[in-house]
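Engineer: Take a look at this one; I'll ask things after.
There are 2 protein chains.
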Amino acid sequence: MRSAAVVGTGLIGTSVALALTARGVTVYLRDRDDTAVQTAAAMGAGLAEEPPEPVDLAVLAVPPGRIAETLRQVQKAELAHSYTDVASVKEQPLAEVAALGCDLSRYIGGHPLAGRERSGPLAGRAELFEGRPWVLTPSAETGTETLNRALEMVSLCRAVPVVMAPRDHDHAVALVSHAPHLVSALMAARLEHAADTDTRLAGQGVRDVTRIAGSDPRLWIDILGANATAVADVLAGLAADLDTVVGSLRSLAAADVSEREEGSRRVAALLRRGNAGHARIPGKHGAPAAHYEAIPVVIPDRPGELARLFADVGRAEVNIEDIRIDHAQGRPTGLVELQVDPKRAESLTTALRAGGWTVQR
Amino acid sequence: MRSAAVVGTGLIGTSVALALTARGVTVYLRDRDDTAVQTAAAMGAGLAEEPPEPVDLAVLAVPPGRIAETLRQVQKAELAHSYTDVASVKEQPLAEVAALGCDLSRYIGGHPLAGRERSGPLAGRAELFEGRPWVLTPSAETGTETLNRALEMVSLCRAVPVVMAPRDHDHAVALVSHAPHLVSALMAARLEHAADTDTRLAGQGVRDVTRIAGSDPRLWIDILGANATAVADVLAGLAADLDTVVGSLRSLAAADVSEREEGSRRVAALLRRGNAGHARIPGKHGAPAAHYEAIPVVIPDRPGELARLFADVGRAEVNIEDIRIDHAQGRPTGLVELQVDPKRAESLTTALRAGGWTVQR
Numbered sequence: 001m002r003s004a005a006v007v008g009t010g011l012i013g014t015s016v017a018l019a020l021t022a023r024g025v026t027v028y029l030r031d032r033d034d035t036a037v038q039t040a041a042a043m044g045a046g047l048a049e050e051p052p053e054p055v056d057l058a059v060l061a062v063p064p065g066r067i068a069e070t071l072r073q074v075q076k077a078e079l080a081h082s083y084t085d086v087a088s089v090k091e092q093p094l095a096e097v098a099a100l101g102c103d104l105s106r107y108i109g110g111h112p113l114a115g116r117e118r119s120g121p122l123a124g125r126a127e128l129f130e131g132r133p134w135v136l137t138p139s140a141e142t143g144t145e146t147l148n149r150a151l152e153m154v155s156l157c158r159a160v161p162v163v164m165a166p167r168d169h170d171h172a173v174a175l176v177s178h179a180p181h182l183v184s185a186l187m188a189a190r191l192e193h194a195a196d197t198d199t200r201l202a203g204q205g206v207r208d209v210t211r212i213a214g215s216d217p218r219l220w221i222d223i224l225g226a227n228a229t230a231v232a233d234v235l236a237g238l239a240a241d242l243d244t245v246v247g248s249l250r251s252l253a254a255a256d257v258s259e260r261e262e263g264s265r266r267v268a269a270l271l272r273r274g275n276a277g278h279a280r281i282p283g284k285h286g287a288p289a290a291h292y293e294a295i296p297v298v299i300p301d302r303p304g305e306l307a308r309l310f311a312d313v314g315r316a317e318v319n320i321e322d323i324r325i326d327h328a329q330g331r332p333t334g335l336v337e338l339q340v341d342p343k344r345a346e347s348l349t350t351a352l353r354a355g356g357w358t359v360q361r
Numbered sequence: 001m002r003s004a005a006v007v008g009t010g011l012i013g014t015s016v017a018l019a020l021t022a023r024g025v026t027v028y029l030r031d032r033d034d035t036a037v038q039t040a041a042a043m044g045a046g047l048a049e050e051p052p053e054p055v056d057l058a059v060l061a062v063p064p065g066r067i068a069e070t071l072r073q074v075q076k077a078e079l080a081h082s083y084t085d086v087a088s089v090k091e092q093p094l095a096e097v098a099a100l101g102c103d104l105s106r107y108i109g110g111h112p113l114a115g116r117e118r119s120g121p122l123a124g125r126a127e128l129f130e131g132r133p134w135v136l137t138p139s140a141e142t143g144t145e146t147l148n149r150a151l152e153m154v155s156l157c158r159a160v161p162v163v164m165a166p167r168d169h170d171h172a173v174a175l176v177s178h179a180p181h182l183v184s185a186l187m188a189a190r191l192e193h194a195a196d197t198d199t200r201l202a203g204q205g206v207r208d209v210t211r212i213a214g215s216d217p218r219l220w221i222d223i224l225g226a227n228a229t230a231v232a233d234v235l236a237g238l239a240a241d242l243d244t245v246v247g248s249l250r251s252l253a254a255a256d257v258s259e260r261e262e263g264s265r266r267v268a269a270l271l272r273r274g275n276a277g278h279a280r281i282p283g284k285h286g287a288p289a290a291h292y293e294a295i296p297v298v299i300p301d302r303p304g305e306l307a308r309l310f311a312d313v314g315r316a317e318v319n320i321e322d323i324r325i326d327h328a329q330g331r332p333t334g335l336v337e338l339q340v341d342p343k344r345a346e347s348l349t350t351a352l353r354a355g356g357w358t359v360q361r
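Following this line, the structure appears as structure tokens:
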């Protein structure tokens, strides 16, 4: 790929432009907002001008609702040989693109699974897509050259390409991103009017379950609105399980022994399905989630202590798979939980105790 | 406190005994299983013998269902001047204790919010309760001396005492521990039969929401069984919200504009309630959850890199409030998200970039 055009120089568009420019591609920038283009150009994302001839690939980084009309215009003006977008939903835009009679052979949908709290060109970073999945959703009409151009862009952005059907993509993100977000919000909403003494007992479990409920609703209402049916289908299935669980818990409190046993059996079945689903989430490098052993270490809450801890961990040459910081309630110490390969747990514990650390293992 | 008895030398009982012994208290150990007592004694938890005279405090570390009968027996034998237990539910045991005609003036319920995956005396640790909340649930009959003995035990275990009514305790743990556990399992259960391509798109959000769904069902079925009604009440409220959300999402996909706007309004309202509930969870030291800024750092996946990172963080003298490791899919790099005070974010980013780190900020 020698040349590209980025239409829409917000966070994602500017980041794509920065990445492609960094890899030697000549990038032409375009946005309805001239300030945004000038800002992106000033950041070194590309040229704030029109290409002299059609570019190899045009990336439409505009809102889902504007993809079809934008594609119709740029294809009419022959901006590029191939076209893609970066919207977080794929089925609806494709339907609109087809309805407007765009050239589907030169268009492929795309969705980089990357982002950050901030938005706008100034938030753009060339490294934004590093190691992240980037879904490409070719239609039956998408040509091979267009697919390969998109694949080249993904690898230049150092992302990991994943090819899916538009409908499958939308169901996938509903399942692994949009529904979990609402589930987190639903649990957090239960705490809205909780007593302070109740929330004082909150541990790491509820913190993890409700963490993403702290995100900006304005961003999420757009995402959910564009994929509402797929998300509703996932949550409708969850609602059926939830009704069963509530009924089973009522049975667990019943006087009749056989009813209690039946309730216990059904709650246990749900917990086991939860185990099975949890195990389906890939661990690092796409491998199945490994069962790590948690090494809880008591740590004084002052700068430098984590450095000292990880220096000792480093000397023990043990790879940390995950970390949780469980801040102690009411006293100036915290608990750091190091997730490691169970085979390394004993030697790490010994090494840390030798380093003077209090290991709760 | 000069002397104590621990009845039931499992994980919690042995840990209490180890902590009290470490602080100079003479501890007498008792368990139906003689091996468990011998093991705990061999670990230095206390003496595997009967006390020559009533001890100051007896800690009943037996299952919830056996507390009442055990208390009746040990009070009849005058094992101690005061008695407490460590069960994770409090209302049901108190009712049973009262029904058996035990001396309520010398009994106070207790629940240390601490534990680990492993069980049995060998898993016991004197540091297990360090900085953790320890709920005490006095009844109207509980005498001051018994309350003070329990408070002394909590401080000797270096835990943080929280006094609550038994019913309030059970509702609190239903809300901040038991219900979130089932919510996590319900979401994880949706992933049980997901396609690999779907789960490949899983990010940190769904990982956090479903993390505790990986826990042992056998342990949780007992916990949930003893607090079933309180948990069912929390989940019934969540189920009502969920039905509203599913309906609102269907409206979001409707053709009628005003119906879409109404759906959008209701989903946004739930997301804002999620924000409010999320903010109710105390941050470190019981303070309200602060809004930290996330500093994402790309990190090579090999031993020693975290040490190098935190050494640089330490030199920058910035206190890390929380950490997430978001392992990259399909390539040998990971992303470490450092949560810091927003006022320190810029200086830390500068320091890390100076240290050669790729900061996605």
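Line order of the protein sequences matches chains X and F. Counting in the working numbering, the first sequence runs from 1 upward without gaps. Counting in the working numbering, the second sequence runs from 1 upward without gaps. We put the CB at the ideal spot given by N, CA and C, even for glycine. Remember, predicted model here, so these are calculated numbers, not experimental data.
(1) Shorter than 8 Å from the beta carbon of proline 282/X to some beta carbon of chain F?
(2) Which value, in whole angstroms, describes the spacing of the CA atoms of alanine 354/F and alanine 126/X?
(3) Contact check, isoleucine 299/F vs leucine 348/F under 8 Å by CB: the rounded distance?
(4) Report buried or exposed for aspartate 312/X, applying the criterion of at least 16 other Cβ atoms within 10 angstroms of its Cβ.
(5) Short of 8 Å Cβ to Cβ, which residues in the region 119 to 150 of chain F face chain X?
(6) Using a Cβ-Cβ cutoff of 8 Å, what residues of the region 173 to 185 of chain X are near chain F? List them in chain order.
(7) Under the rule that 16 or more other beta-carbon atoms within 10 Å means buried, what is histidine 193/X, buried or exposed?
(8) Kindly list, in the order they appear in chain F, the residues whose Cβ is closer than 9 Å to that of arginine 39/X.
(9) Below 8 Å on C-beta distance, what does arginine 250/X contact in chain F?
(10) My assumption, with CB atoms under 8 Å, is that alanine 150/X sits in contact with threonine 84/X. Please give the rounded CB distance.
(11) Along the beta strand (DSSP E) that carries glycine 13/F, what are the first and last residues, could you check?
(12) I'd like to check one pair, leucine 219/F with valine 245/X: are the Cβ atoms closer than 8 Å?
(13) For valine 297/F and glutamate 305/F, I'd like the C-alpha separation in whole angstroms.
(14) Which residues, in order along the region 252 to 271 of chain X, keep a beta-carbon less than 7 Å from a beta-carbon of chain F?
(15) Hey, which unbroken runs of the beta strand (DSSP E) at 3 residues or more fall wholly within the region 28 to 61 of chain X?
(16) Does DSSP put isoleucine 212/F in a helix, in a strand, or in coil?
(17) Comparing alpha-carbon positions, which option in Gly13/F, Gly314/F, Glu346/F, Arg200/F lies nearest phenylalanine 129/F?
(18) Which of the three DSSP states is assigned to arginine 2/X in this structure?
(19) Write down the C-beta distance between alanine 5/F and alanine 58/F rounded to the nearest angstrom, noting that I regard them as a contact closer than 8 Å.
(20) So within the region 177 to 235 of chain F, which uninterrupted alpha helix (DSSP H) runs reach at least 4 residues, ignoring any that extend past its ends?
(21) Mark serine 88/X as exposed unless 16 or more other C-beta atoms lie within 10 angstroms of its C-beta, in which case mark it buried.
(22) Assign proline 180/F to buried or exposed, taking buried as 16 or more other Cβ atoms, counted over all protein chains shown, within 10 Å of its Cβ.
(23) Spell out a yes or no on whether the region 258 to 276 of chain F and the region 177 to 191 of chain X are touching, meaning 3 or more CB-CB pairs, one atom from each, closer than 8 Å.
(24) For the beta strand (DSSP E) holding glycine 110/X, just list the boundary residues, first then last.
(25) According to the neighbour-count rule (16 or more other Cβ atoms, all chains shown, within 10 Å of its Cβ), is glutamine 329/F buried or exposed?
(26) Please state the DSSP three-state secondary structure of valine 97/F.
(27) Proline 63/F CB to nearest chain X CB: under 8 Å?
(28) Helix, strand or coil for glutamate 293/F per DSSP?
(29) Skipping 5 residues on each side, what residues in its chain have a beta carbon closer than 6 Å to that of histidine 169/X?
(30) If you run the structure through DSSP and keep just helix, strand and coil, what is proline 138/X?
(31) Chain X partners of leucine 242/F, CB-CB under 8 Å?
(32) Pick from Pro112/X, Ile67/X, Gly314/X: whose alpha carbon is nearest that of arginine 158/X?
(33) Serine 3/F and valine 55/F - do their beta-carbons sit closer together than 8 Å?
(34) Does any residue of chain X bring its CB to less than 8 Å from the CB of isoleucine 223/F?
(35) Taking Cβ positions only, does glutamate 96/F come closer than 8 Å to chain X?
(36) Using a Cβ-Cβ cut-off of less than 9 Å, give me the residues of the region 299 to 323 of chain F that come near chain X, in sequence order.
Structural biologist: Taking the coordinates as given:
(1) Closer than 8 Å: yes.
(2) 18 Å
(3) That belief does not hold up - the Cβ atoms of isoleucine 299/F and leucine 348/F are roughly 15 Å apart, past 8 Å.
(4) buried
(5) Arg125, Glu127, Leu128, Glu130, Gly131, Arg132, Pro133, Val135
(6) Val173, Leu175, Val176, Ser177, Ala179, Pro180, His181, Leu182, Val183, Ser184, Ala185
(7) exposed
(8) The sequence as given places threonine at residue 39/X; arginine does not occur at that position. Residues of chain F passing the Cβ test: none, with the nearest at roughly 17 Å.
(9) Ala228, Thr229, Ala232
(10) 5 Å
(11) Element bounds for glycine 13/F: not the beta strand (DSSP E) but the alpha helix (DSSP H), 11 to 22.
(12) In this structure, leucine 219/F does not lie closer than 8 Å to valine 245/X by Cβ.
(13) 11 Å
(14) Leu252, Ala253, Ser264, Val267, Ala268, Leu270, Leu271
(15) 55 to 60
(16) helix
(17) Gly13/F
(18) coil
(19) Rounded to whole angstroms, the Cβ separation of alanine 5/F and alanine 58/F is 4 Å, and the two are in contact under 8 Å.
(20) 179 to 190, 196 to 200, 204 to 210, 217 to 226
(21) buried
(22) buried
(23) yes
(24) 107 to 112
(25) Model confidence at glutamine 329/F stands at a pLDDT of 41, short of 50, so the residue's coordinates are unreliable; what they give is reported in the following sentence. By the 10 Å Cβ count, glutamine 329/F comes out buried.
(26) helix
(27) no
(28) strand
(29) Lys90, Val135, Thr137
(30) For proline 138/X, the three-state secondary structure derived from DSSP is coil.
(31) Leu186, Leu235, Leu238, Ala239, Leu242
(32) Pro112/X
(33) It is a contact, given that the beta carbons lie within the stated cut-off.
(34) Answer no: the Cβ-Cβ gap between isoleucine 223/F and chain X never drops below 8 Å.
(35) no
(36) Asp301, Arg302, Pro303, Gly304, Glu305, Leu306, Ala307, Arg308, Leu309, Phe310, Ala311, Asp312, Val313, Gly314, Arg315, Ala316, Glu317, Val318, Asn319, Ile320, Glu321, Asp322, Ile323
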